[in-house]
Amino acid sequence: MTPAVHPDIAPLAFLLGTWAGDGTGVYPTIEPFAYREEIVISHVGKPFLAYRQRTWHATTGEPLHAEAGYYRAPTATAAELVIAQPSGIVEVDTGPIDGTAVSLRSQLVGRTPSAKQVDSVERNLVVDGDTLRYDLYMGAVGQPHQIHLKAILRRVEG
Ligand code: HEM
54 MTPAVHPDIA
64 PLAFLLGTWA
74 GDGTGVYPTI
84 EPFAYREEIV
94 ISHVGKPFLA
104 YRQRTWHATT
114 GEPLHAEAGY
124 YRAPTATAAE
134 LVIAQPSGIV
144 EVDTGPIDGT
154 AVSLRSQLVG
164 RTPSAKQVDS
174 VERNLVVDGD
184 TLRYDLYMGA
194 VGQPHQIHLK
204 AILRRVEG
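Just so you know, we're using my numbering here: the sequence shown kicks off at 54 and counts up by one.
Here it is, written out as structure tokens:
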């Protein structure tokens, strides 16, 4: 039986589901690219949402970035996100929940010794019915904080 969503995470319940879609990426130091993405956001009745994400190159199908983490909502209008990335990066992000939108900004970016330099990350997500749009900005590899990703996904389950 699926448990009820814990009331403390209800402000972020609009994120629940399996999402699939397409995105594009840019940065001054790299070639622009297009990707396919799957995001799964689930819960177990406790006051957090589990988040996992996978991406593939749009034309070659080669696996690209992936990440996993947890969302929390300490108040009805505040979100917290912890994320681990296979590139040796961890993020601690916080920011406001506004209806079915959440804007997160890194409070901390941790890097393993071999990880690329990432100093700031900003994630803005908006859900409109079964459509999720996000953009991601970062300050990395000596470049000022700017756009890296933009994507649109559809809720395909949940
Ligand atoms: C949908 C998720 C993402 C995709 C598909 C993606 C894809 C890519 C690709 C294809 C590149 C260029 C080739 C490479 O260096 O591997 C790249 C570079 C990079 N990405 Fe992402 N990325 C994603 C998310 C992120 C996130 C969340 C961060 C940091 C928090 C990040 C940080 C970087 C950095 C630092 C570079 C290297 C730039 C350079 O070396 O000049 N990416 N990304």
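Even for Gly, the Cβ is constructed at its ideal location relative to N, Cα and C.
Opposite residue i in the DSSP bridges: which residues?
i: W150; result: Before going further, note that residue 150 is Ile rather than Trp in the sequence given. BP columns for I150 point to V155.
i: E115; result: In DSSP, E115 forms no bridge with anything.
Checking 8 Å against the spacing of the C-beta atoms, do residue i and residue j come in under that value?
i: G148; j: A132; result: yes
i: A154; j: D61; result: no
i: S159; j: S140; result: no
i: K169; j: A204; result: no
i: E84; j: G74; result: no
i: G70; j: R176; result: no
i: H96; j: V58; result: yes
i: L202; j: G76; result: yes
i: T82; j: Q196; result: yes
i: A66; j: A87; result: no
Apart from the five residues just before and just after residue i, which ones in its own chain have a Cβ nearer than 6 Å to its Cβ?
i: L185; result: W72 and L206
i: V143; result: A137 and G163
Got a sec? Which residues, its chain only, sit under 8 Å from residue i by beta carbon, not counting five neighbours each side?
i: L123; result: The sequence given here places Tyr at residue 123; Leu does not occur at that position. The answer, listed in chain order, is F101, L102, A103, Y104, L134 and V135.
i: P56; result: H96, V97 and G98
Please classify residue i: is it buried, with 16 or more other beta-carbons within 10 angstroms of its beta-carbon, or exposed?
i: T108; result: buried
i: L161; result: exposed
i: I150; result: buried
i: D181; result: exposed
i: G78; result: buried
i: D146; result: buried
Go through its chain and collect everything with a Cβ distance to residue i's Cβ below 7 Å, but skip five positions before and after it.
i: I200; result: V79, D188 and Y190
If we require 3 or more residues per run, which beta strand (DSSP E) segments fall completely within the region 126-150? Runs of the beta strand (DSSP E) lying entirely within the region 126-150, each at least 3 residues long, are 131-138 in chain order.
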